[in-house]
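Participant: One line per chain: the protein sequences are P and D, in this order.
Residues in the first sequence are numbered from 1047 upward in steps of one, following the working numbering.
Residues in the second sequence are numbered from 6 upward in steps of one, following the working numbering.
Here a beta-carbon is modelled for each residue, glycine too, at the ideal position from N, C-alpha and C.
Only a predicted model underlies this, so the values are computations on that prediction, with no experimental measurement involved.
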Amino acid sequence: MEQIISVEKLRMKFPGEESMIFKDLSISFGKGEKVLLLGPSGCGKSTLLQVLSGLIPNSIEVPLKGEKLKCPSSWGYVFQDPDSQFCMPFADEEIAFVLENLSVPKQEMKEKIQHHLHQVGLNLGAIHTSIDTLSGGMKQRLAIASVLALEPEVLFLDEPTAMLDPEGTKEMWELLKEVGRDKTVIVVEHKIDHVLEFIDRIVLFNDEGQIIADGPKDTILSRYKNEMKEHGIWFPGVWDEYVKNHAPVRKQPFTDDVPLIQVQDFSGFRNKEEKIKVNELQVTSGEWIVIRGENGAGKSTLLHALMQFIKTSGTYALMGTPIKRVENPTEHMTFVFQNPEFQFVANTVYEEIAYSLRIDKRPQQEINERVRSLLKVFRLEAHWGKHPFQLSMGQKRRLSVAASIVKDKKLILLDEPTFGQDSKNTFALLKWLEVYRSRGVTVIMVTHDDHISKNFATRILTVQDGNVIRDEKVIQPGCMEPKFLNIKGVSCR
Amino acid sequence: MTVTNAETWLYKINPSLKLFVLMVLCIVALFIDDLNYMINVTMGVLLIFLCFTGHSIKRIILLSIPFSFIFISTSLAMIFFGKGETLWFEWGLISITEESFMRGLLVGFRALLFAALGLTFSLTTRPVNLFYSLMQQVKLKPKYAYSFMAALRLIPIMMQEFQTIRNAMKVRGFERGTGVKSIYFKIKAYSIPLLSGSIRRAHRIAVAMEAKRFTDTRDRTYYYDFGFSKYDQGFILYFIILLLAGFFLSIQFPLVSI
């Protein structure tokens, strides 16, 4: 096979960091190959993708050394965040930007733009459509369209579905299968359910950025299960394994039901527009409620309405008191944001957790004890003196949860807390939440992960077009009625 | 962020030319010392602003409110406290003289003129068009033009992030803190994540732009081509006539006598 990308003995180090990210790494890719790079978060997969494409060191200056470095001449790169890869405000202008870079004559542009939009199945009413009005999935389609305008031989995909819901993810991979058929494709992806059908080779990395396995996908998947589990890599069946090893996943239900939230004819508004409507909802202690629905259905809006971040109408009582008369609703409930960085207020991990207690002027001794125990539970003892921004993504998430629950809240609301986390961190977080739930804390979370609904939830709310259309309790502990949850490859125990 | 409106002939004027003409007018306005002349020119600009921007009357009135306030406040300051010979009214510190009154009106009209020119320009020019035109007519380097356009995309994203941080602060009980120390804390808590987020995002956009083969060469093609048309001639002609006719009218038919 003709090699079109190869590196030999690649050595690389980010300035200011102690250890090398790659040490004598050699890898090569043949023409037409479809390869998946797998590894724990922070192992350097995305960095490698940038080296292979030449973005490092041409666009991002990082010193590197290698005996041979062969980058493809014609390539396209799809990034994970749909919001930060466009530089123009309208869809047609974004693709035109690529065409301009290639010096395509103006007369040919309109036709090419239409062709590429059609190619990715983005049927906009008019090509001059504002990118801000597109959904996440449509934005990624546009990103692919603009990459296809480069007419690349090689496609680099850096978690292109990271921000998409399961349906969008599936569609995205179907599209990539279609447009990537005659191209070399190198993928970094965490959610590997749909990628597997598409690729034929897997390269497996460990924490140190070394290749531990490289070969056909079936061989790797069957032989290296333990390594993948150890490194927190999502592989098919990782959930089955977790459920098997941790049965029963669901602890005893919390029995004395204390009503926590009661709402009736409840609506949440954004910019004076009704975005979510709940006819009736009662939440009691010890429930684990999962809110499901498509991107943009109003799941997060429901959480925001319950937290009173947005204007609401109707009756809403928190522990029997109308919400407007509750002095500090955040004393009783807390919210964990998708991006943990927004929540950090202090200079060290320790102070971050202590923050809410200090506002309340609790005695130093109590603060110290409480913080220490939480640091231990959330495996952050070693990092107590660091600035929160210095932590890894998984650690930041754990810290944001720890800081939110420091004051024994009765209600924890979470907005996609397992998003972008490796399997180790995901299971650890879910386990802690389950412990809190079994003590009577109520968990309400928005998640796209059907495995969570299936294995942890006690109740499932389905949101569609701003309405709660279904409210189901999980009948048997540990298993749901199969009729409304149909997950491929997951059996009900 | 986007507002819908009808596109009038003002939209068809070459953006660079429009910017240049309006800037020249601003400079000219600095040298107009005659109140009658000033009023005439301002009326001519207001006519364009009120009738030809293609925006609804409601929006125009809404936008005019702050500028009317500027007009009144700048005039009043001069009228009340300016020096002059012919005293009309005196009360404590306030003394209105004929000279200060005229001077006040002149300053007020000048402020109004600046506001009307600025609004007319920004209401009828898409930033993307302006930068394309600047690249083509003024030979602005594509590097700067596209950076500005990319930066404009960051503004709504930053506004969203600001809202999120506010909510996050609420959850942490941040709003309850009072005193100077808490203000310092608040500034820090808002600005650091906002800045770090923006820097990271800007960097990502820059990398994405280079991944799409953006280079700083000038021999690129353009999706939008901007040339000159009869609208541009009309636009220039309008202001030449306005300046001349305004001057003539101010001598022949003065509205106020000085």
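If the cut is a Cβ gap below 8 Å, which residues of chain P does D/ASP237 touch?
Facilitator: Taking the second sequence and counting its residues from 1, the one referred to as residue 237 of chain D is at position 232. Going along chain P, no residue has its Cβ under 8 Å from D/ASP237, so there is no contact; the nearest lies around 21 Å.
Participant: Report back the beta-carbon spacing between D/ARG209 and P/ASP1127 to the nearest angstrom; my notes put them in contact at under 8 Å.
Facilitator: Here residue 209 of chain D is taken as the residue at index 204 of the second sequence, counted from 1. Here residue 1127 of chain P is taken as the residue at index 81 of the first sequence, counted from 1. D/ARG209 to P/ASP1127, Cβ: 7 Å. Contact.
Participant: So if I threshold CB-CB distances at 7 Å, which residues from the region 1146-1179 of chain P count as touching chain D?
Facilitator: Within the region 1146-1179 of chain P, the qualifying residues are GLU1146, ASN1147, LEU1148, SER1149, VAL1150, PRO1151, LYS1152, MET1155, SER1176 and ASP1178.
Participant: Cα separation between P/LEU1005 and P/VAL1081?
Facilitator: Since the first and last residues shown for chain P are 1047 and 1539, residue 1005 of chain P lies out of range.
Participant: Determine the contact status of D/GLY49 and D/LEU247, defining contact as a CB-CB distance below 8 Å.
Facilitator: Here residue 49 of chain D is taken as the residue at index 44 of the second sequence, counted from 1. Here residue 247 of chain D is taken as the residue at index 242 of the second sequence, counted from 1. Closer than 8 Å, so yes.
Participant: Looking at the ligand ADP, does it come within less than 7 Å of D/ARG218, judged from the CB to the closest heavy atom?
Facilitator: Among the components modelled here there is no ligand, and therefore nothing to report on the ligand ADP.
Participant: Beta-carbon of D/ILE204 versus every beta-carbon of chain P: anything under 8 Å?
Facilitator: Taking the first residue of the second sequence as position 1, residue 204 of chain D is located at position 199. Answer no: the Cβ-Cβ gap between D/ILE204 and chain P never drops below 8 Å.
Participant: In terms of residues, what are the limits of the alpha helix (DSSP H) holding P/ASN1513?
Facilitator: Stepping through the first sequence from its first residue, residue 1513 of chain P is reached at position 467. It is not in any alpha helix (DSSP H) - P/ASN1513 instead sits in the beta strand (DSSP E) that spans 1513-1519.
Participant: Judging by CA-CA distance, which residue of P/SER1119, P/GLU1326, P/THR1347 and P/GLN1310 is the nearest neighbour of P/GLU1319?
Facilitator: Position 273 of the first sequence, counted from the first residue, corresponds to residue 1319 of chain P. Taking only the C-alpha atoms, the option nearest P/GLU1319 is P/THR1347.
Participant: Leaving out five residues before and five after D/PHE54 in sequence, what residues of the same chain have Cβ atoms less than 7 Å from its Cβ?
Facilitator: Residue 54 of chain D sits at position 49 when you count from the first residue of the second sequence. If we look at D/PHE54 and ignore the five residues flanking it on each side, its Cβ neighbours are ALA121, LEU124 and THR125.
Participant: Could you pull the start and end residues of the alpha helix (DSSP H) that D/GLU103 belongs to?
Facilitator: Taking the second sequence and counting its residues from 1, one reaches residue 103 of chain D at position 98. Here the alpha helix (DSSP H) through D/GLU103 covers 103-129.
Participant: Would you please state the rounded distance, in angstroms, between the beta carbons of P/LYS1470 and P/GLY1278? I believe it to be under 8 Å.
Facilitator: In the first sequence, counting from the first residue as 1, residue 1470 of chain P sits at position 424. In the first sequence, counting from the first residue as 1, residue 1278 of chain P sits at position 232. Right, the Cβ-Cβ distance comes to about 3 Å (below 8 Å), so this counts as a contact.
Participant: Is the Cβ-Cβ distance between P/GLN1510 and P/ALA1351 less than 8 Å?
Facilitator: Within the first sequence, numbered from 1, the residue matching residue 1510 of chain P stands at position 464. Within the first sequence, numbered from 1, the residue matching residue 1351 of chain P stands at position 305. Their beta carbons are not under 8 Å apart, which means P/GLN1510 does not touch P/ALA1351 by this criterion.
Participant: List, from N- to C-terminal side, the alpha helix (DSSP H) runs of 4 residues or more that fit wholly inside the region 22-69 of chain D.
Facilitator: Whole alpha helix (DSSP H) segments, 4+ residues: 40-56.
Participant: Which class does P/THR1179 belong to by DSSP, given the choice of helix, strand or coil?
Facilitator: By one-based count along the first sequence, residue 1179 of chain P stands at place 133. Correct three-state label for P/THR1179: helix.
Participant: Does P/CYS1117 get closer than 8 Å to chain D when you measure Cβ to Cβ?
Facilitator: Position 71 of the first sequence, counted from the start, is the residue given in the question as residue 1117 of chain P. By this cut-off, P/CYS1117 is not an interface position.
Participant: Please tell me whether P/ALA1142 has its Cβ less than 8 Å away from any Cβ of chain D.
Facilitator: In the first sequence, counting from the first residue as 1, residue 1142 of chain P sits at position 96. Taking Cβ atoms only, chain D reaches closer than 8 Å to P/ALA1142, which makes this a yes.
Participant: Cα-Cα, which of P/GLN1441, P/SER1438 and P/LYS1456 is closest to P/GLU1333?
Facilitator: In the first sequence, counting from the first residue as 1, residue 1333 of chain P sits at position 287. With distances taken between Cα atoms, P/GLU1333 lies closest to P/LYS1456.
Participant: With DSSP as the reference, label P/ILE1356 as helix, strand or coil.
Facilitator: Counting from one through the first sequence, the residue named residue 1356 of chain P turns up at place 310. In this structure, P/ILE1356 counts as coil in the three-state DSSP scheme.
Participant: From the beta carbon of P/ALA1192, is the nearest beta carbon of chain D less than 8 Å away?
Facilitator: Residue 1192 of chain P sits at position 146 when you count from the first residue of the first sequence. One point to set straight first is that residue 1192 of chain P is Ser, not Ala, in the sequence displayed. Yes, contact with chain D.
Participant: Between the region 1113-1123 of chain P and the region 191-201 of chain D, can you find at least three pairs of beta-carbon atoms closer than 8 Å?
Facilitator: Short answer: they don't touch.
Participant: List in chain order: all unbroken alpha helix (DSSP H) runs of 4+ residues lying wholly within the region 1413-1449 of chain P.
Facilitator: Runs found: none.
Participant: Between the region 1440-1447 of chain P and the region 1463-1477 of chain P, are three or more C-beta pairs nearer than 8 Å?
Facilitator: Because the criterion of three Cβ pairs below 8 Å is met, the region 1440-1447 of chain P and the region 1463-1477 of chain P touch.
Participant: Report yes or no: do the region 162-170 of chain D and the region 29-43 of chain D share at least 3 C-beta pairs separated by less than 8 Å?
Facilitator: Flag = no, the region 162-170 of chain D and the region 29-43 of chain D do not touch.
Participant: For D/VAL133 and D/THR79, which I take to be in contact (beta-carbon distance under 8 Å), what is that distance rounded to the nearest angstrom?
Facilitator: Locating residue 133 of chain D in the second sequence gives position 128, where the first residue counts as 1. Locating residue 79 of chain D in the second sequence gives position 74, where the first residue counts as 1. The pair is not a contact, with the Cβ atoms about 34 Å apart (cut-off 8 Å).
Participant: What does the Cβ neighbour count give for P/ILE1335, buried or exposed, with the cut at 16 atoms within 10 Å?
Facilitator: The residue you call residue 1335 of chain P lines up with position 289 of the first sequence. The residue is buried, with at least 16 neighbouring Cβ atoms inside 10 Å.
Participant: Could you please tell me which residues of the region 214-226 of chain D, in chain order, have their CB closer than 8 Å to any CB of chain P?
Facilitator: Going along the region 214-226 of chain D in chain order, one finds MET214, GLU215, ALA216, LYS217, ARG218, PHE219, THR220, ASP224, ARG225 and THR226 with a Cβ nearer than 8 Å to chain P.
Participant: Should D/VAL176 be flagged as near chain P, meaning a C-beta pair shorter than 8 Å?
Facilitator: By 1-based counting over the second sequence, the position of residue 176 of chain D is 171. Yes, D/VAL176 lies at the interface with chain P (some Cβ there is under 8 Å from its Cβ).
Participant: At the level of alpha carbons, what is the spacing between P/ASP1496 and P/ASN1341?
Facilitator: Start at 1 with the first residue of the first sequence, and residue 1496 of chain P comes out as number 450. Start at 1 with the first residue of the first sequence, and residue 1341 of chain P comes out as number 295. Roughly 14 Å separates the two Cα atoms.
Participant: Taking 8 Å as the CB-CB limit, is P/LEU1196 close to chain D?
Facilitator: As a working note, residue 1196 of chain P is residue 150 in the first sequence. Interface residue, yes.
Participant: Check P/ASN1252 in the structure and name its three-state DSSP category.
Facilitator: What you label residue 1252 of chain P is simply residue 206 of the first sequence in a count that begins at 1. Three-state result, P/ASN1252: coil.
Participant: With 16 other CB atoms within 10 Å as the buried threshold, where does P/HIS1162 fall?
Facilitator: In the first sequence, counting from the first residue as 1, residue 1162 of chain P sits at position 116. Under this definition P/HIS1162 is a buried residue.
Participant: Tell me, please, whether the region 88-100 of chain D touches the region 1510-1519 of chain P by the rule of three or more beta-carbon pairs shorter than 8 Å.
Facilitator: The answer is no - the region 1510-1519 of chain P does not touch the region 88-100 of chain D, with fewer than three Cβ pairs under 8 Å.
Participant: What residues of chain P sit near D/MET28, judged by a beta carbon separation below 8 Å?
Facilitator: Taking the second sequence and counting its residues from 1, one reaches residue 28 of chain D at position 23. What D/MET28 touches in chain P: nothing, since even the nearest Cβ is about 25 Å away.
Participant: By DSSP's criteria, D/TRP96 is part of a beta bridge. Which residues make up the other side?
Facilitator: Taking the second sequence and counting its residues from 1, one reaches residue 96 of chain D at position 91. Note: D/TRP96 sits in a beta bridge opposite D/ILE99.
Participant: Is D/SER201 close to chain A, meaning its C-beta is less than 8 Å from at least one C-beta of that chain?
Facilitator: The structure shown contains no chain A; the protein chains it does contain are P and D.
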